[in-house]
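Residue numbers (our numbering): 19 to 526.
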């Protein structure tokens with residue numbers, strides 16, 4: 019069975035490892051996809067923000083250009099009709115040209131000009147300002163060109179190009195808005211005009227350079243640095259990671275539960291085998307004795323005295339078998355039916371003294387000395403409990419000490435009051451209990467393994483019964499081991515009116 023369980027554990031561990039590996043691979047792929055998408059989005063956000071900031075500056079420049087055109091102190095605007103077909107033509111020229119300049123006035127017509135040519139009224143002037151700046155001039159500004167429609171307009175536009183500067187605060191605001199629209203809210207810094215950011219290792223993520231010059235396509239550039247992109251990655255992947263961790267946790271939990279169940283089955287099988295071996299050993303002796311005695315009665319003509327002696331042997335062995343079966347049945351009833359208790363007000367010290375007195379003949383067989391510590395007789399230790407079952411618990415503990423304590427050793431049994439509870443301590447000296455077996459001594463059918471030796475009779479039921487009864491009475495039974503010294507501690511709640519303080523017990 020151990021081999022099959024080991025094989026199952028190996029297979030389950032392999033399946034769990036494969037699942038964890040697949041989850042790690044998928045999460046790695048998701049991480050790489052997330053980082054690529056994040057880099058693309060922050061780059062696109064910077065490009066969009068830079069383009070929007072450039073368009074705002076170009077719009078402001080077109081507004082200024084329209085104001086220059088509308089300045090009648092500098093620009094002379096005329097409207098006339100062509101001689102051939104009478105089409106309207108707008109003519110612009112400097113009102114105060116440079117001395118010696120022989121530049122011809124610039125004329126331009128618009129097919130969508132409303133109405134016939136009359137004169138340059140405010141409506142016609144407004145139409146020209148709007149159409150001229152939105153058409154030719156806007157195209158020039160987008161390309162960063164300077165076209166001298168007039169000398170003064172060209173010089174002013176060139177000077178405006180030279181004075182053009184990116185608005186860093188506005189660009190920062192636009193970039194934050196572009197990131198927010200993409201679900202990214204993280205600190206960043208902007209670097210202009212080639213003063214390099216810190217290294218990527220120190221800065222985190224650094225975008226590619228984006229041009230922010232409205233005139234020179236190779237002019238001012240900007241880059242963005244995000245110091246903590248990993249936090250953004252984790253935020254974007256949190257549900258993927260949580261679902262993966264949850265799945266792995268469920269699988270590992272199921273694996274652990276299955277391993278625990280298999281180990282429990284293995285331990286149960288070992289306990290069953292030990293119980294069968296011990297029970298077989300316990301049954302073998304009385305059955306063999308009865309068989310031999312019966313054969314003697316049948317084979318020989320015995321006198322009445324010998325016959326009575328042989329019959330007494332048969333009755334003793336039959337009684338031993340009956341007690342063994344009673345203990346097994348009693349344990350089964352305790353597990354399934356939970357026998358009803360008959361709680362009474364008891365003097366636990368008197369009950370301990372009675373159990374010690376009954377155990378003295380048995381202890382004398384191995385020359386073991388019982389040292390009894392009890393409170394003074396005027397100070398009883400009252401508990402509420404079933405006298406029969408509590409007496410059985412004390413008898414079980416004394417029987418266990420008799421079996422496992424060294425011959426001619428001292429067994430110490432004491433009863434007192436400590437921390438508002440009644441405490442019975444039974445200490446003996448014998449073979450030490452291995453540390454890994456100590457938590458299991460109260461398990462049903464468990465006995466400390468001794469190989470094929472059955473020199474100590476028993477079936478692993480007594481201590482299990484004793485702990486169950488202690489719990490049924492609201493107390494507890496614990497084990498303390500230190501080297502060869504073994505101590506069982508039975509703690510029971512005092513009866514409601516028994517509130518006296520602990521008293522040092524004299525030696526008896």
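All residues carry an ideal CB built from backbone N, CA and C; glycine is no exception.
Within 9 Å, strictly: CB atoms of residue 497 and residue 505 | Here the question's residue 497 lines up with position 479 in the chain shown. Here the question's residue 505 lines up with position 487 in the chain shown. Yes. Within cutoff.
In terms of residue numbering, what span does the beta strand (DSSP E) encompassing residue 403 cover?
-> Numbered from its first residue, the chain shown carries residue 403 at position 385. Per DSSP, residue 403 belongs to the beta strand (DSSP E) from 400 to 403.
Residue 252 in three-state terms, based on DSSP = Taking the chain shown and counting its residues from 1, the one referred to as residue 252 is at position 234. DSSP places residue 252 in the helix class (H, G or I) of the three-state scheme.
Can residue 433 and residue 370 be called in contact, C-beta distance under 9 Å?
-> Counted from its first residue, the chain shown places residue 433 at position 415. Counted from its first residue, the chain shown places residue 370 at position 352. Their beta carbons are under 9 Å apart, which means residue 433 touches residue 370 by this criterion.
Go ahead and pull the three-state DSSP assignment for residue 208.
-> As a first step, residue 208 is located in the chain shown; it is residue number 190 there, counting from the start. Note: residue 208 maps to strand in three-state DSSP.
Cα-Cα separation, residue 266 to residue 277 | By 1-based counting over the chain shown, the position of residue 266 is 248. By 1-based counting over the chain shown, the position of residue 277 is 259. Rounded to whole angstroms, the separation of the alpha carbons of residue 277 and residue 266 is 16 Å.
Pull up the DSSP beta-bridge partners for residue 96, would you.
-> Within the chain shown, residue 96 is the residue found at index 78, counting from 1. Paired residue(s): 109.
Residue 134, buried or exposed, once every other Cβ within 10 Å from all chains shown has been counted against 16 | Position 116 of the chain shown, counted from the start, is the residue given in the question as residue 134. By the neighbour-count criterion, in which 16 or more other beta carbons inside 10 Å mark a residue as buried, residue 134 falls on the exposed side.
Using alpha carbons as the reference points, say which of 86, 229 and 232 lies closest to residue 146.
-> Within the chain shown, residue 146 is the residue found at index 128, counting from 1. The closest CA to that of residue 146, considering only 86, 229 and 232, is found on 86.
7 Å Cβ shell around residue 156 - same chain, five flanking residues per side excluded | Here residue 156 refers to the residue found at position 138 of the chain shown. Taken in chain order, the residues that qualify are 80.
Going by DSSP, name the residue or residues bridged to residue 511.
-> The residue labelled residue 511 in the question sits at position 493 within the chain shown. 439.
By DSSP, does residue 429 sit in helix, in strand, or in coil?
-> Position 411 of the chain shown, counted from the first residue, corresponds to residue 429. Per DSSP, reduced to three states, the secondary structure at residue 429 is strand.
Under a three-way DSSP split, which group does residue 535 fall into?
-> Past the edges of the chain, shown from 19 to 526, lies residue 535, and the structure says nothing about it.
Looking at the unbroken alpha helix (DSSP H) that takes in residue 181, where does it start and where does it end?
-> Within the chain shown, residue 181 is the residue found at index 163, counting from 1. Per DSSP, residue 181 belongs to the alpha helix (DSSP H) from 169 to 181.
Counting Cβ pairs, one atom from each stretch, are 3 or more of them under 8 Å apart for the region 437 to 456 and the region 410 to 425?
-> The region 437 to 456 is in contact with the region 410 to 425.
What number of angstroms, rounded off, separates the C-alpha of residue 123 from the C-alpha of residue 95?
-> Translated into positions along the chain shown, residue 123 becomes position 105. Translated into positions along the chain shown, residue 95 becomes position 77. C-alpha of residue 123 to C-alpha of residue 95: approximately 10 Å in a straight line.
Endpoints, the beta strand (DSSP E) within which residue 103 is located = Here residue 103 is taken as the residue at index 85 of the chain shown, counted from 1. Residue 103 -> no beta strand (DSSP E), and no H or E assigned at all.
Three-pair Cβ contact test at 8 Å for the region 159 to 166 versus the region 174 to 189 = A contact exists between the region 159 to 166 and the region 174 to 189.
Could you check what DSSP says for residue 455 in three-state terms: helix, strand or coil?
-> One-based indexing of the chain shown puts residue 455 at position 437. Assigned with DSSP and collapsed to three states, residue 455 falls in helix.
Nonlocal neighbours in the same chain, by C-beta distance under 6 Å from residue 108, ignoring five residues either side | Numbered from 1 along the chain shown, position 90 holds the residue referred to as residue 108. Answer for residue 108: 97, 126 and 146, listed in chain order.
State the DSSP-derived secondary structure class of residue 320, mapped to helix, strand or coil.
-> Taking the first residue of the chain shown as 1, we reach residue 320 at position 302. Looking at residue 320 - three-state DSSP - the assignment turns out to be coil, as it is neither helix nor strand.
Cut-off 8 Å between Cβ atoms - residues of its own chain near residue 336, not counting five sequence neighbours on either side = By 1-based counting over the chain shown, the position of residue 336 is 318. Setting aside the 5 residues that flank it on each side, residue 336 is surrounded in the same chain by 304 and 308, each with a C-beta closer than 8 Å to its C-beta; the list follows chain order.
Rounded separation between residue 377 and residue 397 - CA only = In the chain shown, the residue the question calls residue 377 occupies position 359. In the chain shown, the residue the question calls residue 397 occupies position 379. Their backbone Cα atoms lie some 24 Å apart in a straight line.
Under the three-state DSSP convention, the category residue 202 falls into = Taking the first residue of the chain shown as position 1, residue 202 is located at position 184. Three-state result, residue 202: coil.
Would you call residue 203 buried or exposed, if buried means 16 or more other Cβ atoms sit within 10 Å of its Cβ?
-> One-based indexing of the chain shown puts residue 203 at position 185. So residue 203 ends up on the exposed side.
Residue range of the alpha helix (DSSP H) that includes residue 149 = Indexing the chain shown from 1 puts residue 149 at position 131. 140 to 150 is the extent of the alpha helix (DSSP H) around residue 149.
Inter-residue Cα distance where the pair is residue 144 and residue 181 | Residue mapping note: residue 144 aligns to position 126 of the chain shown, counting from 1. Residue mapping note: residue 181 aligns to position 163 of the chain shown, counting from 1. Those two C-alpha atoms are separated by around 28 Å.
Helix, strand or coil: how does DSSP classify residue 114 here?
-> Walking along the chain shown from the start, residue 114 turns up at place 96. For residue 114, the three-state secondary structure derived from DSSP is coil.
Tell me whether the beta-carbon of residue 68 lies closer than 9 Å to the beta-carbon of residue 240.
-> Residue mapping note: residue 68 aligns to position 50 of the chain shown, counting from 1. Residue mapping note: residue 240 aligns to position 222 of the chain shown, counting from 1. Yes. Within cutoff.
Chain-order list of residues whose beta-carbon lies under 6 Å from that of residue 59 (same chain, five-residue window excluded) | The sequence position of residue 59 within the chain shown is 41, counting from 1. Its chain contains 200 as the residues whose beta carbon lies nearer than 6 Å to that of residue 59, once the 5 sequence neighbours on both sides are disregarded; these appear in chain order.
What's the C-alpha gap between residue 22 and residue 422?
-> The residue given as residue 22 occupies position 4 in the chain shown. The residue given as residue 422 occupies position 404 in the chain shown. Rounded to whole angstroms, residue 22 to residue 422 spans 35 Å at the Cα level.
Between which two residues does the beta strand (DSSP E) harbouring residue 494 extend?
-> Position 476 of the chain shown, counted from the start, is the residue given in the question as residue 494. Element bounds for residue 494: 494 to 500.
Go ahead and label residue 225 buried or exposed: buried means 16 or more other beta carbons lie within 10 angstroms of its beta carbon, across all protein chains shown.
-> As a first step, residue 225 is located in the chain shown; it is residue number 207 there, counting from the start. The residue in question, residue 225, is buried, as its Cβ has 16 or more Cβ neighbours within 10 Å.
Do residue 105 and residue 99 have their C-beta atoms closer together than 9 Å?
-> Walking along the chain shown from the start, residue 105 turns up at place 87. Walking along the chain shown from the start, residue 99 turns up at place 81. Against a cut-off of 9 Å, the Cβ pair of residue 99 and residue 105 comes out as a contact.
Cβ neighbours of residue 159 in the same chain (closer than 7 Å, five flanking residues each side left out) | In the chain shown, counting from the first residue as 1, residue 159 sits at position 141. Excluding sequence neighbours, residue 159 sits near 76, 79 and 80.
Strand pairing of residue 239, partner residues [DSSP] | Numbered from 1 along the chain shown, position 221 holds the residue referred to as residue 239. Answer is 229.
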